[in-house]
Each structure stands twice: as structure tokens, then as C-alpha cells.
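In our numbering, the protein residues as written are 83 to 311.
Given below as C-alpha cells:
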């Protein structure tokens, strides 16, 4: 009887230990779906971060040879709370993701993030504030004149939010080696132009590979581990 009781208690203890680890990384909402800050910080759990480079220091070199828009993965990310729009570009190894953030949840941005939208009808960098010329090219997904948010630096997107995005991508495509995520306005618009050019189909954009590599080397050239304050 005692032995049976001990076995039951051991099983219960194991379940208790497993549940917190699974609640965030299972691919479903997990935790409080209205606030990402209620989820445990993945950077505090050794080896658990699923976004960014695995490098701990030095410069991360992005020397991609192939570039392809993924309609399937882009659509999957729009089901994540906090993601208004998403564009996923795949290379031979990695997934590069540009997201436009909505206000459906809180905790998507870090305390030091620099907002690129002022919510008053002004758009930083998309029109001339002196002439109030708001004509925006049709490839600009992120205009800055609505309530959808962009964040200048990728390290200022909240870690649990990035972890959620990376988890969804890896579950859908396990062969992805690294996932890089940005809400930078220029990056969103750059990837949107590639997607439009592809006809919103899963076609290659290899003719843009040099331009793309230049951009991602600027945005993601420093390892996430080194950015962690």
C-alpha cells in the first residue's frame, strides 16, 4: 500500500514538473493569452530559446543563397494573438519573419522599445511631415498611420512573444535551423515587396538575395545572447 502511494506521488510530482515546461512551448496559447508577460521568460531557461542564432558572441554572418516567400507559414502566424500581419521568407536553412503588431494583447514589446508609430496620423519615415503628403506606395504594409505597431530594434520585441512565433514556425517546419524575427518597419515593407512580386505564391526571390543578405546582416548581426541585458 505504501509502495503504491509512493508511486502515485512520484508520478504526480513528475507531472507537476512537466506542466510548466509545456505550457509555454506546446504551440497553443499557454499561460494568459491576453498578456505575454504572464508567461515565463524563455531566456531564463537554459537551452530553451527557439529564436535567433545559437551563437553566444561574435558577429552572426547571414550568407543565404536561396530566398522564398512562404504563404503557408505567413498565414499560420496571423493566428497568433498580437500578430496583425506576418511575412515569412525561407532560405536554405533559416526562416526570416517580419511582423506587424496589433493591440489585441499586451506584453509584446520590451520596456526600452522605440515605437515607430505615434497614433496621431503621423508616420515616421513614410511621408514628408512638412507637406503632409501621405501618398504611400502600395508595397508599404507598415505605414505608421494606423494603430498597428512596429518596433525599430528586434531585441525590443518581448522574449515570450518571439518564442511563441518561433515555436509555431518550428512545429510547422521542423527542418528550420534558425528563426529570426523583426517588427522593423523598413524590414516589413521590404519583405512585403518580395511577397507581392511573388504573386503571394511560394516562389523564389533569388534575384533579391544580395539586398536581403545586406539587410539581415544589419538587423540580426549580433547574437540574441549578447543583446540580453
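All C-beta atoms in this analysis are idealised placements derived from N, C-alpha and C, irrespective of residue type, glycine included.
Keep in mind the model is a prediction, meaning the values are calculated, not measured.
Residue i burial status per 10 Å Cβ neighbour count (16 or more: buried)
i           : result
residue 154 : exposed
residue 191 : buried
residue 175 : exposed
residue 242 : buried
residue 231 : buried
residue 141 : exposed
residue 143 : exposed
residue 253 : exposed
residue 298 : buried
residue 244 : buried
residue 147 : exposed
residue 236 : buried
For residue i, three-class secondary structure by DSSP
i           : result
residue 156 : helix
residue 286 : strand
residue 104 : Here residue 104 scores only 31 on pLDDT, less than 50, and its place in the model is too uncertain to base an answer on.
residue 134 : strand
residue 151 : strand
residue 188 : strand
residue 117 : strand
residue 215 : Residue confidence is low: residue 215 scores 37 on pLDDT, short of 50, so the model does not pin down where it sits. Its coordinate-derived value is still stated next. Strand at residue 215.
residue 221 : Confidence is the limiting factor: at residue 221 the pLDDT is only 44, short of 50, which leaves the residue's position unreliable and the question unanswerable from this model.
Element boundaries [beta strand (DSSP E), containing residue i]
i           : result
residue 179 : 176–183
residue 172 : 165–172
Residue i versus the options, residue with shortest Cα-Cα distance
i           : options               : result
residue 283 : 294, 292, 170 and 306 : 170
residue 304 : 145, 137, 280 and 255 : 137
residue 302 : 289, 285 and 234      : 234
residue 193 : 133, 131, 264 and 239 : 239
residue 167 : 134, 247 and 142      : 247
residue 187 : 164, 244 and 293      : 164
residue 177 : 268, 293 and 249      : 249
residue 162 : 117, 151 and 172      : 117
residue 267 : 145, 159, 281 and 181 : 181
Residue i CB to nearest heavy atom of the ligand SAH below 7 Å
i           : result
residue 176 : The ligand content of the structure shown is nil, which means the ligand SAH is not present either.
Uninterrupted beta strand (DSSP E) stretches inside the stretch 235–297 (no shorter than 3 residues): Fully contained in the stretch 235–297 are the following beta strand (DSSP E) runs of length 3 or more, in chain order: 260–264.
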